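In structure tokens, the structure reads:
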């Protein structure tokens, strides 16, 4: 994606924005607490060290805001490093301000909770483990503050401090486990709802296109019949003009082709309502589709590569899948009819068909929307063909992905589930 285009604010980016805001509020509050403690409560704090920690976290926040303006997505590892930086900052602050006797020591639960709600399982436990290790260290080594000492704290590890440590460990473990599980369940539910909404919207659009196509086919029948009658009369009147009669005959042939295609469309639709997909050898089926496509596009030069794997790949296919693949082949030929490369490969559970052209490629600004809405890469296209192609292949349990090839052109990858054969 060009650097001048803004990066969409994805969920990890939003999480980092929220973390930056929380960090700013937190450390501003810590700074106010330090000022109050030193000026009004006479805390014996190493002020230069404490202020240095606060300033360092402030600089980190400024750098994070600058980074969020860059056109680069936030990854889980980067987000983990930010939370680890918060844990280190808190540890340094608590070290110079009473260690485990500091009443704010339980603030470690905040980065633990954030990690459990936003990061993968392993990363969440890394934050929980680091926070627990920091708390344990602060029980042994820290800069003591007399005003924060506990009653009956003659030994370094009083029962009060030890109880706080045990409570923190249990709280950190429970928070990490349950919040991660709840957040994971919510994310899975949102993903399922999103897929359901997308499928419902796609089905509505397909139904709308099918309804319009059926109405258009019905409406075209009458004018085509009228044109056929008029052309027959015109042909009778042009008996003495061979050139005009030849043109009229060509028009009649075109009208007859249109009528036959409409009849074929209706008959195929009726037949498909009763028929089940047919299981065919993928290589034989693909070769047949390519040969029928070449009859329609004799201007195309192509290469068909079949993977040299053991076994035979089988696919459940029908006429709609033939047309879907033909649409993708036509798109490749429209981009550049020279050197269209078609590949067939298969794995244990899927069959992969690659179509590569040497055209201008796909604009990244619309790459994610192709096939989901009526968007076309052609100047005069409406995007309906690619939309119906996606819908058809999805109906068979497969998918379509478009990539810009490193050497130029577009690589279209069609993935279909491998079927068993009797």
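In this note's numbering, the protein residues as written are -13 to 408.
Note that CB positions come from ideal geometry on N, CA and C, so glycine has one too.
Values in this document were obtained by computation on a predicted structure and should not be read as measured data.
With 16 other Cβ atoms within 10 Å as the buried cut-off, status of residue i
i, result
"residue 236", "exposed"
"residue 111", "buried"
"residue 333", "exposed"
"residue 23", "buried"
"residue 300", "buried"
"residue 122", "exposed"
"residue 359", "Interpretation of residue 359 is limited by its pLDDT of 47, a score under 50 that renders its predicted location unreliable; the figure taken from the coordinates is listed afterwards. Classification for residue 359: exposed."
"residue 398", "buried"
"residue 7", "exposed"
"residue 243", "exposed"
"residue 303", "buried"
"residue 18", "exposed"
"residue 219", "exposed"
"residue 436", "Absent from the model: residue 436. The displayed extent of the chain is -13 to 408, so no value can be given."
"residue 319", "buried"
"residue 216", "exposed"
"residue 281", "exposed"
"residue 20", "buried"
"residue 86", "buried"
"residue 212", "exposed"
"residue 102", "buried"
"residue 9", "buried"
"residue 77", "buried"
"residue 343", "buried"
"residue 330", "buried"
"residue 383", "exposed"
"residue 105", "buried"
"residue 5", "buried"
"residue 275", "buried"
"residue 279", "buried"
"residue 59", "exposed"
Residue i - DSSP class collapsed to helix/strand/coil
i, result
"residue 390", "strand"
"residue 33", "helix"
"residue 286", "coil"
"residue 267", "strand"
"residue 132", "helix"
"residue 209", "helix"
"residue 299", "coil"
"residue 17", "helix"
"residue 41", "helix"
"residue 402", "strand"
"residue 26", "coil"
"residue 375", "helix"
"residue 3", "helix"
"residue 167", "helix"
"residue 322", "coil"
"residue 227", "coil"
"residue 304", "coil"
"residue 127", "coil"
"residue 347", "coil"
"residue 10", "helix"
"residue 274", "helix"
"residue 155", "helix"
"residue -7", "Low per-residue confidence applies at residue -7: pLDDT is 40, beneath 50, and the placement is therefore not dependable, though the value from the model is reported in the following sentence. Correct three-state label for residue -7: coil."
The ligand COA heavy atom lying under 7 Å from the CB of residue i
i, result
"residue 401", "In terms of ligand content, the structure shown is empty, and the ligand COA therefore cannot be addressed."
For residue i: DSSP bridge partner residues
i, result
"residue 327", "289, 342"
"residue 332", "337"
"residue 396", "390"
"residue 385", "401"
Legend entry - Complete alpha helix (DSSP H) runs within the segment 48 to 118 (minimum length 4 residues, chain order): 62 to 81, 95 to 104
Quick one: any contact between the segment 391 to 404 and the segment 326 to 344, if contact means 3 or more CB pairs under 8 Å? yes
**Message:** Three or more C-beta pairs under 8 Å: does that hold for the segment 39 to 59 against the segment 70 to 82?
**Reply:** yes
Just checking, does the segment 53 to 71 make contact with the segment 15 to 30 on the three C-beta pairs under 8 Å criterion?
no
Discussion item. Does the segment 287 to 297 come into contact with the segment 306 to 325, if we say contact requires no fewer than three beta-carbon pairs (one atom in each stretch) closer than 8 Å?
Written reply: yes
> Any chance the segment 306 to 321 sits against the segment 376 to 385, with 3 or more Cβ pairs inside 8 Å?
Replying inline: yes
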